[in-house]
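Counted the way this note's numbering counts, the sequence shown spans residues 631 to 828. No residue lacks a Cβ here, since even glycine has one placed at the ideal position from N, Cα and C. All values reported here derive from a predicted model rather than from experimental measurement. Before any comments, here is the structure.
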Amino acid sequence: MRTGSRLPALKAPARNPQDSHAGYPENTKKLRRIAKAYLRSTLEDSEEQKKIKKFVDSVYRDRLGFEIFMTKKAYQEILGKKLELNCRDTDNFFELLAKDPKNGLDKSDVKTFYYIVRSGRPFCGGDCGQFITGTFFACLKCFVADQKKCFYLCRECFKKGKFGTKHKLILDNYALLHALGLANQVKTVSKVINSNLE
């Protein structure tokens, strides 16, 4: 609270226990719409459709089964051994995926999960360890070195600033994309200049 302020401190509205990040429900809805659009765009790709079907058929739909699926990294058998989900809280992730957690995951929930895995959406490497449904922050140095081992943060953990001294250049996903685009342009220009000098 600011000193000298005459306004009373505002109380945060009561939160749903599932809602560990601001904007959780809306971001989840957006993510579902993106997943649906992605899946629709793959209808002509028979190989991708086989992977989707195999994935949907192999995911356990109840909470315990989902936890086993995640612990065994069963998704790697379908989508590749190099794929790694850094999920530290499978119960919370299950709650995020399931429209009706009491009844488990339905087919559309599992398809959203498939999109999350396939697109490489990150989990937070900060204190919370949650799946990031919206804007994320990433260490540029880590991302360039090895995207699979990159250090990602959600907005809340980034705001807290608890990510150590190892990660110095943290960018949001839009700035990261822009920085990588500029880096590629510089490489292209350098190649053209060097070829003209020869």
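Got a sec? Which residues, its chain only, sit under 6 Å from residue i by beta carbon, not counting five neighbours each side?
i	result
phenylalanine 781	Gly755, Cys769, Cys772, His797
alanine 805	none
glycine 750	none
aspartate 692	Gly734
phenylalanine 788	Phe767
aspartate 802	Thr765, Phe767
Return the Cβ separation of residue i and residue j in integer angstroms, given the expectation that the two are a contact with Cβ distance under 8 Å.
i	j	result
lysine 729	aspartate 739	6 Å
serine 676	isoleucine 708	No, serine 676 and isoleucine 708 are not in contact; Cβ-Cβ is about 16 Å, not under 8 Å.
Return the chain-ordered list of same chain residues with a C-beta closer than 8 Å to the C-beta of residue i, the five sequence neighbours on each side being excluded.
i	result
lysine 660	Thr763, Gly764
methionine 700	Leu715, Cys717, Thr720, Phe723
glutamine 679	Thr672, Leu673
lysine 587	Lying outside 631 to 828, the shown extent of the chain, residue 587 is not represented and no answer is given.
For residue i, which residues in the same chain have their Cβ closer than 7 Å to its Cβ, ignoring the five residues on either side in sequence?
i	result
leucine 727	Leu735, Asp739, Thr742, Phe743
arginine 662	Thr742
threonine 658	Leu726, Thr763
lysine 737	Val686
Is the beta carbon of residue j closer than 8 Å to that of residue i?
i	j	result
phenylalanine 685	phenylalanine 724	no
glutamine 760	phenylalanine 767	no
isoleucine 800	leucine 812	no
valine 747	tyrosine 705	yes
lysine 779	lysine 712	no
aspartate 757	lysine 792	yes
leucine 669	isoleucine 682	yes
Using the rule of at least 16 other Cβ atoms within 10 Å of the residue's Cβ for burial, across every protein chain shown, is residue i buried or exposed?
i	result
isoleucine 698	exposed
tyrosine 745	buried
alanine 665	buried
Let me check one thing: in DSSP terms, what residues is residue i bridge-paired to?
i	result
alanine 768	Tyr782, Leu801
lysine 761	It is phenylalanine, not lysine, that sits at residue 761 in the sequence shown. Looking at the DSSP assignment, phenylalanine 761 forms a beta bridge with Phe753.
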